[in-house]
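Here's the structure, in structure tokens; my notes come after.
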Amino acid sequence: MVMAIMGAGPAGIITGLNLLKEGHNAVVYDRFGENAWKHAKCSGILSEKALKEFQKIVPLKHIKTQTRLNVWFGNKKVEITPKQHAYVIDRHELDRLLVEKFISSGGKLIHKNITPQDVIHFSKQANPYIIGADGPVSTVAQTFNFPRFTHIFKTGQIFLDMPEDYDDSVNLFLDCKGLFGWSFPKKDKLEVGIATEKNPSKELKKLLKRLNLKYTNSPTYHIIPLGPRKKFAKTDNNTQIFLVGDAAGHVKPTTGGGLFHSLIASNILTHTILNNNTPEYYEDMWRKKQGLNFSTMRLINRTINFIPDSLYPLAGSVFETFKMNKFLAEKGDMEDTRFLNIHNLIDFIL
Ligand SMILES: Cc1cc2nc3c(=O)[nH]c(=O)nc-3n(C[C@H](O)[C@H](O)[C@H](O)COP(=O)(O)OP(=O)(O)OC[C@H]3O[C@@H](n4cnc5c(N)ncnc54)[C@H](O)[C@@H]3O)c2cc1C
Numbered sequence: 002m003v004m005a006i007m008g009a010g011p012a013g014i015i016t017g018l019n020l021l022k023e024g025h026n027a028v029v030y031d032r033f034g035e036n037a038w039k040h041a042k043c044s045g046i047l048s049e050k051a052l053k054e055f056q057k058i059v060p061l062k063h064i065k066t067q068t069r070l071n072v073w074f075g076n077k078k079v080e081i082t083p084k085q086h087a088y089v090i091d092r093h094e095l096d097r098l099l100v101e102k103f104i105s106s107g108g109k110l111i112h113k114n115i116t117p118q119d120v121i122h123f124s125k126q127a128n129p130y131i132i133g134a135d136g137p138v139s140t141v142a143q144t145f146n147f148p149r150f151t152h153i154f155k156t157g158q159i160f161l162d163m164p165e166d167y168d169d170s171v172n173l174f175l176d177c178k179g180l181f182g183w184s185f186p187k188k189d190k191l192e193v194g195i196a197t198e199k200n201p202s203k204e205l206k207k208l209l210k211r212l213n214l215k216y217t218n219s220p221t222y223h224i225i226p227l228g229p230r231k232k233f234a235k236t237d238n239n240t241q242i243f244l245v246g247d248a249a250g251h252v253k254p255t256t257g258g259g260l261f262h263s264l265i266a267s268n269i270l271t272h273t274i275l276n277n278n279t280p281e282y283y284e285d286m287w288r289k290k291q292g293l294n295f296s297t298m299r300l301i302n303r304t305i306n307f308i309p310d311s312l313y314p315l316a317g318s319v320f321e322t323f324k325m326n327k328f329l330a331e332k333g334d335m336e337d338t339r340f341l342n343i344h345n346l347i348d349f350i351l
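Residue numbering for the sequence shown follows the working numbering, starting at 2 and increasing by one per position.
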């Protein structure tokens with residue numbers, strides 16, 4: 002069986018590790034080869050659940066525990082002190098540890114920029130499996146005409162010298178039309194970022210001005226797909242094609258976090274392959290497990306974006322009056338919206 006995995010990010014490497022563990026050959030191709038980890042653009046925020054899952058694979062340490070979140074509805078700040086803490090990791094460290102483990106377990110990582118011609122070449126081999134773990138601008142998805150993402154936001158991210166009086170919280174600025182703007186201390190730097198449907202450079206400038214901060218280096222830009230493609234796995238002639246991670250859109254529409262969901266999708270994918278199931282089965286399994294969760298997250302994202310700019314402070318006051326910040330702090334789950342149920346609400350009210 003030829004199993005070609007495109008992309009050495011977490012989705013590709015975890016899939017490769019899972020296959021190796023079960024005695025299969027796994028070959029990963031990445032345009033940056035063993036240095037793929039150096040190019041990851043990410044804030045490195047993980048829920049406790051996510052951190053624990055990654056720690057089952059590699060000895061990943063967190064660099065910070067985040068205990069307080071300030072959500073800014075325009076100029077109205079609402080504080081959330083969640084029971085479940087968030088953790089900041091060094092994303093480069095995570096990817097490096099994964100790649101090292103993959104290679105030391107016998108996996109092959111080939112330095113190659115994959116083109117559509119290469120993908121077609123793989124598809125002509127006997128009984129081929131092609132795994133597109135090549136991020137949001139997926140060559141595999143383009144080659145096999147997978148539907149485009151319906152929602153994709155542009156990100157701008159910058160690391161600045163830490164201002165002296167900066168407090169330790171994570172700040173989320175909701176009124177950016179897209180996902181949100183953010184700022185939080187990371188090691189000795191302050192990370193400021195924006196994920197927006199508008200011009201990320203302009204929006205980042207606006208956010209820095211609002212925070213009274215100045216550029217000291219250049220921002221980096223990237224994209225975040227919010228939620229899955231309409232289709233992310235199929236059989237084309239004899240070729241079984243599976244998209245996973247950002248390539249498929251396995252990214253939370255509430256926060257743009259994709260690490261934990263890449264891991265979950267990689268596990269569903271390997272289970273599918275090891276049991277000789279079809280790409281359609283893989284997509285079906287993912288939708289059964291995550292479909293409702295992701296649709297609810299997308300609804301939350303749309304509701305926030307629907308608020309007119311001038312009404313954000315009012316929305317913040319309503320949010321606080323109905324003690325939604327306390328509810329989120331007590332019952333919230335960063336990965337799963339199923340905590341939004343009547344049982345939890347009654348429990349909280351009583
Ligand atoms: C600004 C920003 C902040 C984020 N913050 C967080 C966060 O705090 N927490 C969180 O959970 N998630 C966060 N994310 C999302 C997270 O980074 C992604 O969900 C995650 O990287 C997805 O992993 P992946 O393996 O699917 O794709 P990627 O990490 O993008 O890996 C894809 C790999 O494919 C390779 N590749 C692409 N095209 C080709 C080609 N043609 N040929 C060969 N190789 C190719 C690339 O080199 C890369 O190594 C953030 C994203 C952004 C943009």
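Every residue gets a Cβ at the ideal spot worked out from N, C-alpha and C, and that includes glycine.
Since we're looking at a predicted model, the values are computed, not measured.
Would you identify the three-state DSSP class for residue 167, choosing helix, strand or coil? Note: residue 167 maps to coil in three-state DSSP.
With DSSP as the reference, identify every bridge partner of residue 235, one or two as the case may be. DSSP lists 242 as the bridge partner or partners of residue 235.
What are the complete alpha helix (DSSP H) segments, minimum 4 residues, inside the segment 86-135? If only complete runs of 4 or more residues are kept, the segment 86-135 shows the alpha helix (DSSP H) at 92-105, 117-124, in order along the chain.
I need the DSSP call for residue 223, collapsed to helix, strand or coil. DSSP places residue 223 in the strand class (E or B) of the three-state scheme.
Let's test the definition: count the other Cβ atoms within 10 Å of the Cβ of residue 127 and tell me whether it reaches 16, buried, or not, exposed. Answer is exposed; the Cβ neighbour count stays below 16.
From this set, 268, 96, 277, which residue's C-alpha is nearest residue 59's C-alpha? Taking the Cα of residue 59 as reference, the smallest distance to any Cα among 268, 96, 277 is reached at 96.
Where residue 39 and residue 350 are concerned, what is the direct C-alpha to C-alpha distance, given to the nearest angstrom? When only Cα atoms are considered, residue 39 and residue 350 end up about 47 angstroms apart.
Thinking C-beta only, is residue 108 closer than 8 angstroms to residue 7? The answer is no: Cβ separation not under 8 angstroms.
What does residue 46 pair with, by DSSP beta-bridge criteria? BP columns for residue 46 point to 89.
If residue 229 sits next to residue 302, beta carbons under 8 angstroms apart, how far is it from one beta carbon to the other, in whole angstroms? That pair is no contact at about 14 angstroms.
Have a look at residue 270 and residue 36 and give me their C-alpha separation to the nearest angstrom. Going from the Cα of residue 270 to the Cα of residue 36 covers about 25 angstroms.
Inter-residue spacing [alpha-carbon to alpha-carbon] between residue 343 and residue 297: A direct Cα-Cα distance of roughly 15 angstroms separates residue 343 from residue 297.
Please return the same chain residues whose Cβ sits closer than 6 angstroms to the Cβ of residue 246, not counting the five positions on each side in sequence. Counting only Cβ-Cβ distances below 6 angstroms, and skipping sequence neighbours, we find 12, 134, 263.
Touch test, the segment 136-143 against the segment 171-186, Cβ-Cβ under 8 angstroms, three pairs minimum: Output reads no: the segment 171-186 does not touch the segment 136-143.
Which residues in the same chain have their Cβ closer than 7 angstroms to the Cβ of residue 167, if we skip the five residues on either side of it in sequence? Around residue 167: 186, 191.
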